[in-house]
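*Asks:* One structure, pasted below without further comment.
Residue numbers (this note's numbering), protein chains in the order written: chain A, 38 to 775; chain B, 38 to 775.
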């Protein structure tokens, strides 16, 4: 053995090496969402809370515990222990008197929104006791989450006293999840529902999911894909659904299922699914009764019928109303609803696709049962980065309509790109439809008459105040999956949060919600809060700029919908699945003429809007190409010609991503390295993607405009053929991807 | 406002409510595997370690840091900080002299196993300094893991001094992962490799995966499915592979890829993939050279050729050796290898399927290049719960053979049932092939002659000592996936661990490995250790008993391979895909006659074994039906007739699951509630599955035996038709499941 020679090159103190990032069990992996409950670092503030929050009263009519109140207590335990420290002793008591600040205030909420008793009141008594009241246990749980949010945000206890009630009754996430755990248009791993392992084996994640929903006030979930499989309605699967419902129930979350219209043929042994056939109606009635034996609080069915190949009543020469009402009659005795999707368009393109839903459903206004909800995507096409609102919101007056918003970013960069969607949703919710209320109130559905709604916005259609309908609902297509951080992109958690908060109260601003979410998720360092808020608030417009600016739409890659694809799709039998149908590029210009000289989709809107939007000089520039075919040399408001404006808008999108990158980089050291790196890596990809969008679209449109790129626009990295042949394979969320 | 009435029903102290299970961030979700590093609770022991482990020397020839040594330091930091507490100050130093206990000892290891310099020595100096030495950085990292394991196990420092080297050179996990993240026969979620997001976006899990591999001494990974897609060999994917290789490299883990034999046609633009066509050879050479520009330490190709529809050299009338050697020649200059799978069988069933691999490959012995490895499944069929070893291990003498073991439990209950597989693998590794060594050593490959190997076990074939071949390898088909706990079933982590430990040292016993794993994963409470070890050690035999006892095989459900399916598969064109081909049930009896009066598969084994196994009275009872057709009234060793024995064996399997349930239940309160519940739920499912196996198989075989169930066997819950029509849909890991 050789004698040892000590050549010590350096010494390292292990203490210096260790950090949270090295310890997987406590890694900042995003699992905790906005419910982090980390100890408050502002010690005087923590001490004030610790003094004031030692006695908490849960006040309900019964005054006794239930599974939901147990969850409320558990949440207080987790939350306050984390925020204040385990050394603070806290007692939680129940009592049977609901102590409300004002019955009148509550009655006005209730009359206005006809809500189930989900409100809560918070009151900080002078004796340093906090009372959380509701007439329901779930209201108390919502109050607990509100209290914990208040503390997490570091707000003064003087501002605690409040009463809050949801403006919309049914606030749902809609999962496009298949039984094999593939999520259609899902970009965060597999479905959360482990069907094969249910009902015996129940992931702890089911409760964490329901808890997250309750924390933002969501109260329902459609478990499976609108492109439905009838097997979900068979007993073997209903037992599994019941297990999920059991896990969700304490958090006030009810389950809904999609119903495949042809289920009577596929699992029922019938020869027809004709909704007017008594045997069919009887089958559905028996099936619904059976479902309620498994799930006593089952929410209802969501149906995609006669759309994109899904079966429906039209196969039997029946209307959508015939189909929906037949199911609604089966559900009504149990308090269930039918959500019938308005996203329909014919296989043969008779008229401008964006007109078809309106054409199909307007004649049915007033023909639906009380427990039917028409579920309407925010825009008339399909979740584009920007669309005008769907004209159905202004058109139908006797039909309950639920806005369907897409939280998953199918057309906005999926889970690699950043797009905070609250501004997009607010744009729709606050859009004035200019609809008048029905003068003849006898024709309106029952409901308590209220004074007036301020404007006929989409939000007031959705919350039921405009047309005083007895039911209200809003639906978000989920962006969740089995990824550890739930949403793939760490910042996409903000979209889940924002949807929930807006579903509860659509008057919150995008900025308020962003402010809350950033503080809850990244802490209250002023630089961190200001930077991430700024990044979030502009991010959707950035995606619009580098992908589909100025009202462009549906020019994304075929199938996966991820990158650019403005060129025609080869061998398609459907012109309306091919981008030129929408952008109409030619030697003269670009854009779809939907004025009276074109498809006249404008006629589906109120006259005020038709006039405003029908004129290329008065239409908002961000909808220009949605409604108008614009000449390449058209003079824009900027003074530039249209082609130059278009090109610069694409470049602007790329530039903005680079600004976001710099802003994010400035957070290094201010937030944990793990989440810092995760977003940083995604921004690298986004910048590359943004350049691809710019280059591919400008090269393609240039084959029509024959104009040079203006100064300030970078030269493309490749030729057009490169982009046309760069096919992304195995894209997540793309059915049939290969 | 009503005056408040206080009706306090009860008070709860929050402190009593909070527990680890309520705090998601620290939940016992299994992510940490066997690398938990929780603080040692035995305070005197912790103090002793804390004194002795404050100075650690990493001793390598260069004495300078590298990415691998940085990982070694990081692991020491994480590990010792966790185990000893952050208050213990520890210094780690490098030095350039390798201080080994005995060069002679090392030389003997090296000569015997011709291993790369991956050994380590640990020495606890009297001055309370621990020296970890190796001639390579990776050896030091292995030593660090060994040191940490020693401390985690609470072993005396007096037992620390050791030298350890792997007996097999290349120790690989083989992932059957597709580019869309589907894992064929994977039961733990999606593939860990997020291809769409690479190379920019790199999950922190990549490093945690490599770290887990290194911790048990594994040094390679085949990233993609043997049912291969040629796209993996295109630059867009090679860039992604290179990113993974970069993440793995510091942990000594090299990447390998499967090579689709027809790649020259599919991505190369050639008209043929004929291995003897110079253009084809040139294409592969260029492709390999290209791969090494991306991944300088690329390990090599794994090829499944002319098997189950995969393309191969036989399409061009060439042999497996022609195909393998052509690729091997391309890889040789870079030090890469070809793993050629022996799992082949013809589309037309010419002879007993279990004979085909031997028939096909024996004539090729001696015809393969030095850097070709024949990858041979442990048994001649396909990873059944019990098989005899593959006769190729005893047959081929001039060919490097790597045992392919299946860690993922395709035929052993997947991730809902418990089966600790070390006893199954040991059964194979310790099986004596009775092969003689070549007398004419000139015909043997080059290699250093050693004295003799004790017996001609499969292990000694695998480690190269029997035939003195220059290369050795062992491969395990991975059971990992995106599930938070990596393996789906929490206890299936033990199989990953056991494979790694056996790959390093096949002389370890199943019991030793189980003991280590339980202590590392669940702590050292004697009751916990004893109970879980007992559960683990019998668990594989339990699965055998309730599914395929007494040598039965291939009677599982079609396609998903999960539950029972002994009946014929309807409409199959292949008799060898239908269970009756294997069990041969008829009015006389049950089992495959593979003696000289039957298919004579026995002739492929050494004469000693052919004699022993050819006699129904001397063949081990657990292989009885593998080799013999046994009459229903055949007298068994127990004194019972065969039918009664069979039925009771099925019942015994069910009974054993119930015993496991009771044993597991006895751990309540002794381990964390989260992992307790997770396993408990799975055992409920397993008990139900076991009954299904018993009932379905006995009802079916009863249609041949026409005998009643003996006393002690429970009556079936349903009739045979129920089981035949209970199709499991959307089973995980089943390609084409619907």
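Just so you know, even glycine gets a beta-carbon here, dropped at the ideal spot from N, CA and C.
#1: Chain A partners of residue 227(B), CB-CB under 9 Å?
#2: Straight-line CA distance for residue 527(A) to residue 112(B)?
#3: Under 8 Å, with one C-beta from each stretch per pair, do the stretch 460-467 of chain B and the stretch 583-596 of chain B reach the 3-pair mark?
#4: Can you pull the chain A neighbours of residue 721(B), defined as C-beta to C-beta under 9 Å?
#5: Take residue 472(A) and list the residues in its own chain whose beta-carbon comes closer than 6 Å to its own, dropping the five residues that flank it on each side.
#6: Residue 530(A) touches chain D at which residues, Cβ-Cβ below 9 Å?
#7: Consider the Cβ of residue 233(A): report whether some Cβ of chain B lies at a distance smaller than 7 Å.
#8: May I ask you to report which of helix, strand or coil DSSP gives residue 91(B)?
#9: Contact between the stretch 556-574 of chain B and the stretch 663-681 of chain B is defined here as three or more beta-carbon pairs at a separation below 8 Å; is this criterion met?
#10: Going by alpha carbons, who is nearest to residue 77(B) out of 100(B), 125(B), 99(B) and 98(B)?
#11: Name the residues in the stretch 453-469 of chain B whose C-beta lies less than 9 Å from a C-beta of chain A; which are they?
#12: Starting from residue 439(B), follow its DSSP beta bridges and name the residues at the other end.
#13: Return yes when the Cβ of residue 222(A) is within less than 7 Å of the Cβ of residue 447(A), no when it is not.
#14: Three Cβ pairs or more, each shorter than 8 Å: is that satisfied between the stretch 267-285 of chain A and the stretch 315-323 of chain A?
#15: At a CB-CB cut-off below 9 Å, which residues of chain B make contact with residue 268(A)?
#16: So residue 189(B) contacts chain A; which residues on that side make the cut at Cβ distance below 8 Å?
#17: Does the CB of residue 718(A) have a neighbour CB from chain B at under 7 Å?
#18: Does the separation of the CB atoms of residue 636(A) and residue 389(A) fall below 7 Å?
#19: Quick one: what does DSSP say residue 365(B) is sitting in, helix, strand or coil?
#20: Whole-angstrom Cβ separation of residue 176(A) and residue 155(A), contact assumed at under 8 Å?
#21: Using beta-carbon positions only, say whether residue 121(A) and residue 87(A) come within less than 7 Å of one another.
#22: Counting Cβ pairs, one atom from each stretch, are 3 or more of them under 8 Å apart for the stretch 271-278 of chain A and the stretch 545-560 of chain A?
#23: Helix, strand or coil, according to DSSP, for residue 232(A) in the structure here?
#24: Out of 73(B), 629(B), 614(B) and 205(B), state which residue places its alpha-carbon closest to the alpha-carbon of residue 536(B).
#25: Along the stretch 245-260 of chain B, what residues have a CB closer than 8 Å to any CB found in chain A?
#26: I'd like to know whether the C-beta atoms of residue 625(A) and residue 668(A) end up nearer to each other than 7 Å.
#27: Alpha carbon to alpha carbon, how far is residue 235(B) from residue 280(B)?
#28: Which residues in chain B sit within 9 Å of residue 774(A), going by Cβ to Cβ distance?
#29: Starting from residue 701(A), trace the alpha helix (DSSP H) in both directions and tell me its first and last residue.
#30: To test your reading of the DSSP string, which unbroken alpha helix (DSSP H) runs of 4 or more residues are found completely within the stretch 266-351 of chain A?
#31: Since residue 160(A) is in the beta strand (DSSP E), which residue starts that stretch and which ends it?
#32: Helix, strand or coil: how does DSSP classify residue 359(A) here?
#33: In whole angstroms, give me the CA-to-CA distance for residue 449(A) and residue 565(B).
#34: With a Cβ-Cβ cutoff of 7 Å, do residue 585(A) and residue 422(A) count as a contact?
#35: Once the 5 residues before and after residue 559(A) are set aside, which same chain residues still bring their CB inside 7 Å of it?
#36: For residue 705(B), which three-state DSSP category applies?
*Replies:* From the atom records:
#1: If you number the second chain from 1, residue 227(B) lands on position 190. Result: 218, 226, 227 and 519.
#2: What you label residue 527(A) is simply residue 490 of the first chain in a count that begins at 1. What you label residue 112(B) is simply residue 75 of the second chain in a count that begins at 1. Each residue's alpha carbon lies about 27 Å from the other.
#3: no
#4: Counted from its first residue, the second chain places residue 721(B) at position 684. By Cβ distance, chain A contributes 237 and 238.
#5: Along the first chain, one-based indexing puts residue 472(A) at 435. Closer than 6 Å at the Cβ level, and outside the excluded window around residue 472(A), lie 431 and 493.
#6: Looking at the structure shown, chain D is missing, and the protein chains on hand are A and B.
#7: By 1-based counting over the first chain, the position of residue 233(A) is 196. So, interface residue.
#8: Here residue 91(B) refers to the residue found at position 54 of the second chain. In this structure, residue 91(B) counts as coil in the three-state DSSP scheme.
#9: no
#10: Your numbering for residue 77(B) matches position 40 in the second chain. Looking at the Cα atoms, 125(B) is the closest of the given residues.
#11: 453
#12: Taking the second chain and counting its residues from 1, one reaches residue 439(B) at position 402. Per DSSP, 412(B).
#13: Along the first chain, one-based indexing puts residue 447(A) at 410. Along the first chain, one-based indexing puts residue 222(A) at 185. Yes. Within cutoff.
#14: no
#15: For this step, residue 268(A) is matched to residue 231 along the first chain. Under the 9 Å cutoff, chain B gives 766 and 767.
#16: Here residue 189(B) corresponds to residue number 152 of the second chain, with the count starting at 1. What residue 189(B) touches in chain A: nothing, since even the nearest Cβ is about 15 Å away.
#17: Taking the first chain and counting its residues from 1, one reaches residue 718(A) at position 681. By this cut-off, residue 718(A) is an interface position.
#18: Taking the first chain and counting its residues from 1, the one referred to as residue 636(A) is at position 599. Taking the first chain and counting its residues from 1, the one referred to as residue 389(A) is at position 352. A contact, by the Cβ cut-off of 7 Å.
#19: Numbered from its first residue, the second chain carries residue 365(B) at position 328. Residue state, collapsed to three classes: helix.
#20: Walking along the first chain from the start, residue 176(A) turns up at place 139. Walking along the first chain from the start, residue 155(A) turns up at place 118. Between residue 155(A) and residue 176(A) the Cβ distance is about 5 Å, and since that is below 8 Å, they are a contact.
#21: Looking up residue 121(A) in the first chain gives position 84. Looking up residue 87(A) in the first chain gives position 50. For residue 121(A) and residue 87(A), yes; Cβs fall inside 7 Å.
#22: no
#23: Locating residue 232(A) in the first chain gives position 195, where the first residue counts as 1. Coil.
#24: Position 499 of the second chain, counting from 1, holds the residue named residue 536(B). The shortest C-alpha separation from residue 536(B) is found at 205(B).
#25: 245
#26: Residue 625(A) sits at position 588 when you count from the first residue of the first chain. Residue 668(A) sits at position 631 when you count from the first residue of the first chain. Yes. Within cutoff.
#27: The residue given as residue 235(B) occupies position 198 in the second chain. The residue given as residue 280(B) occupies position 243 in the second chain. Distance between the alpha carbons of residue 235(B) and residue 280(B) is about 7 Å.
#28: Position 737 of the first chain, counted from the start, is the residue given in the question as residue 774(A). Within chain B, the residues near residue 774(A) are 217.
#29: The residue labelled residue 701(A) in the question sits at position 664 within the first chain. First-last of the alpha helix (DSSP H) with residue 701(A): 679-702.
#30: 272-285, 300-303 and 315-331
#31: Taking the first residue of the first chain as position 1, residue 160(A) is located at position 123. Note, residue 160(A): beta strand (DSSP E), 157-162.
#32: Residue numbering aside, residue 359(A) sits at position 322 when the first chain is read from its first letter. Three-state result, residue 359(A): helix.
#33: One-based indexing of the first chain puts residue 449(A) at position 412. One-based indexing of the second chain puts residue 565(B) at position 528. For residue 449(A) and residue 565(B), the distance between alpha carbons rounds to 51 Å.
#34: Position 548 of the first chain, counted from the first residue, corresponds to residue 585(A). Position 385 of the first chain, counted from the first residue, corresponds to residue 422(A). Result yes, Cβ atoms of residue 585(A) and residue 422(A) sit closer than 7 Å.
#35: Taking the first chain and counting its residues from 1, the one referred to as residue 559(A) is at position 522. Excluding residues within five positions, the ones whose Cβ falls inside 7 Å are 565, 569 and 708.
#36: Reading the second chain from its first residue, position 668 is the one you call residue 705(B). In the structure shown, residue 705(B) sits in a strand (DSSP, three-state: E or B).
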